[in-house]
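Student: Here the protein sequences line up with chains A and B, keeping their order. Going by UniProt numbering, the first residue of the first sequence is number 1, and it counts up by one from there. Going by UniProt numbering, the first residue of the second sequence is number 1, and it counts up by one from there. Let me give you the structure first, and then I'll get to my questions.
2 protein chains.
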Amino acid sequence: MPDVNVSTLSALSEPNRLNIVELLRRGPLTVGEITEQLGLKQPQTSKHLKVLSDSGIVEVKAEANRRIYRLRPEPFQALDSWIRSFQRVMQERFDNLDDYLKELQDKEKP
Amino acid sequence: MPDVNVSTLSALSEPNRLNIVELLRRGPLTVGEITEQLGLKQPQTSKHLKVLSDSGIVEVKAEANRRIYRLRPEPFQALDSWIRSFQRVMQERFDNLDDYLKELQDKEKP
DNA sequence: GAGGAATATTCCTGTCAAGGAATATTAAAA
DNA sequence: TTTTAATATTCCTTGACAGGAATATTCCTC
């Protein structure tokens with residue numbers, strides 16, 4: 001079972017950060033561009049980017065005055081492989097509630 | 001672009017809830033079983049299950065005195081398809097930072 | 001080197017969510 | 001029908017986190 005990083009999930013669970021990620025999907029952007037396109041204020045953008053950066057979702061490249069942010073693929077790969085290994089097991093178990101109910105009864109009346 | 005539900009992500013971003021989900025992977029469980037296996041207190045378990053239930057990650061079946069919780073596959077499918085559509089676009093853009101830098105320069109010096 | 005962009009950081013405040021403890025609810029069992 | 005088991009709900013408190021505003025930092029340009 002691949003380990004899911006809670007920090008990845010919690011970083012993505014904030015709407016503005018999810019928007020940033022959706023935006024960066026199209027390619028790298030500077031803080032200013034993100035700020036403008038999402039209608040945020042610059043400090044908040046920087047803060048959200050820091051959270052995304054700390055959790056490894058995003059990486060920075062300094063270019064003179066500017067910081068260019070872009071997505072890192074690893075966290076998404078990890079998340080994906082978790083979900084898929086997940087679905088594999090779920091598929092087997094799915095629609096087997098009746099089996100479980102029978103087990104439960106057996107526990108009660110041995 | 002498939003829409004990711006923030007509520008799915010935020011529900012999964014709490015460690016105890018993620019543990020519950022990992023546990024339910026093996027099959028449906030009652031509140032008591034979850035409580036015991038994770039060493040939680042029963043009220044907290046119920047609260048976490050409510051959050052998971054509200055976000056559609058989990059569903060309940062009442063069986064006499066007990067409530068049997070199990071995973072619903074839909075949120076995971078949605079999450080998976082989002083990530084994969086995501087990775088498709090990222091793949092194209094990946095390693096194209098140089099292109100972007102050139103664009104930036106063009107913007108500055110037209 | 002002074003002024004001005006672009007970005008990060010700090011401090012403050014309010015909100016919200018999680019845990020603890022107690023209690024309510026429902027169904028089973030005696 | 002009283003008691004007991006399984007679960008949900010409420011109230012309270014505390015801590016984390018997001019936004020606002022101000023300020024610090026870094027680098028460019030003149």
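Just so it is clear, CB atoms sit at the ideal spot from N, CA and C, and this is done for glycine as well.
Where does B:A62 land, buried or exposed, given buried means 16+ other C-beta within 10 angstroms?
Tutor: Within the second sequence, the letter at position 62 stands for residue 62 of chain B. Exposed.
Student: Can you round the beta-carbon distance between B:V21 and B:L71 to whole angstroms, since I take them to be within the 8 Å contact cut?
Tutor: Your numbering for residue 21 of chain B matches position 21 in the second sequence. Your numbering for residue 71 of chain B matches position 71 in the second sequence. Confirmed, Cβ separation roughly 7 Å.
Student: Whose C-beta lies closer than 8 Å to the C-beta of B:L23 among residues of the same chain, with five residues either side of it excluded?
Tutor: Reading the second sequence from its first residue, position 23 is the one you call residue 23 of chain B. For B:L23, where only same-chain residues beyond five positions count, the Cβ hits under 8 Å are L29, I34, Q37 and L38.
Student: Name, in chain order, the residues that DSSP records as bridge partners for A:E63.
Tutor: Locating residue 63 of chain A in the first sequence gives position 63, counting from the first residue. The partner list for A:E63 (beta bridge, DSSP) reads A:R66.
Student: Along the chain, where does the alpha helix (DSSP H) that runs through B:N5 open and close?
Tutor: Residue numbering aside, residue 5 of chain B sits at position 5 when the second sequence is read from its first letter. B:N5 -> no alpha helix (DSSP H), and no H or E assigned at all.
Student: Which residue from A:F76, A:P15, A:N16 and A:S46 puts its Cα closest to that of B:I83?
Tutor: Stepping through the second sequence from its first residue, residue 83 of chain B is reached at position 83. Nearest of A:F76, A:P15, A:N16 and A:S46 to B:I83, Cα basis: A:F76.
Student: Look at the alpha carbon of A:G32 and the alpha carbon of A:E74, and state the distance between them as a whole number of angstroms.
Tutor: Along the first sequence, one-based indexing puts residue 32 of chain A at 32. Along the first sequence, one-based indexing puts residue 74 of chain A at 74. Spanning the two alpha carbons is a distance of roughly 25 Å.
Student: List the residues of chain B that A:L49 touches, going by C-beta distances under 7 Å, in chain order.
Tutor: If you number the first sequence from 1, residue 49 of chain A lands on position 49. Correct list: empty, because the minimum Cβ distance to chain B is about 16 Å.
Student: One question on the structure: do B:N16 and B:H48 come within less than 7 Å of each other, judged by their Cβ atoms?
Tutor: Looking up residue 16 of chain B in the second sequence gives position 16. Looking up residue 48 of chain B in the second sequence gives position 48. Cβ atoms of B:N16 and B:H48: closer than 7 Å.
Student: List the residues of chain A whose Cβ lies closer than 9 Å to the Cβ of B:I83, in chain order.
Tutor: Residue 83 of chain B sits at position 83 when you count from the first residue of the second sequence. Going along chain A in sequence order, the residues near B:I83 (Cβ under 9 Å) are F76, Q77, L79, D80 and I83.
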